[in-house]
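Just so we're aligned, residue 335 is where the sequence shown starts under the numbering used here, counting upward by one.
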Amino acid sequence: ALGAVLPDLIDKPIGSILFTDYFDTGRIYAHTLLFAVVILFGVMILTRRGSAARKRWMALPIGVFFHLLLDMPVDAETLWWPVLGLEFPSFAEGALVDLIAYLLRSPWVVLQEVLGLAYLVALYRKAQLGDPERRRDLVGTGRLPV
């Protein structure tokens, strides 16, 4: 789960909050294929083949790869950085409304959001999260009571 959100946990604060004048986007270094490959090699180098630690840590680069797979069809320049150039494309050129309108015009983005929402609804129902006790278990343990 951490790998799936790691690119956003790294890039959003850096690009959208700390260095907005320089980057002007929340998709920078951690949204590149290079970052995912470095994480993968790091896990391969730092863990022993066949070990339980390697099996656990491999979830990190796999999650990052899946994040990129679902996030990047809209943004090949960032995905292939630095192969396609050293600059990151800016997504904050207009207002937030313009960004949302841009994303909604992309059928791929809309499909991803609809599938994500459908998955969350199915998970909510399967885990019976309408029950306050089951929600408390989720918050307390971090695990879905499925």
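Ideal Cβ placement from N, Cα and C applies to all residues, glycine included.
CA-to-CA distance, tryptophan 391 to tyrosine 453, given in whole angstroms: Rounded to whole angstroms, tyrosine 453 to tryptophan 391 spans 25 Å at the Cα level.
8 Å Cβ shell around tyrosine 458 - same chain, five flanking residues per side excluded: These residues qualify, in order along the chain: Gly464.
Distance CB(threonine 366)-CB(tryptophan 442) smaller than 8 Å: No.
Collapsed DSSP secondary structure at aspartate 345 in the structure displayed: Aspartate 345: helix per DSSP, three-state reduction.
Run of the alpha helix (DSSP H) containing histidine 401, from where it starts to where it stops: For histidine 401, the enclosing alpha helix (DSSP H) has its first and last residue at 393 to 405.
Isoleucine 396 to leucine 343 span [Cα, whole Å]: Rounded to the nearest whole angstrom, the C-alpha separation of isoleucine 396 and leucine 343 is 16 Å.
Burial state of alanine 370, where buried means 16 or more other Cβ atoms lie within 10 Å: By the 10 Å Cβ count, alanine 370 comes out buried.
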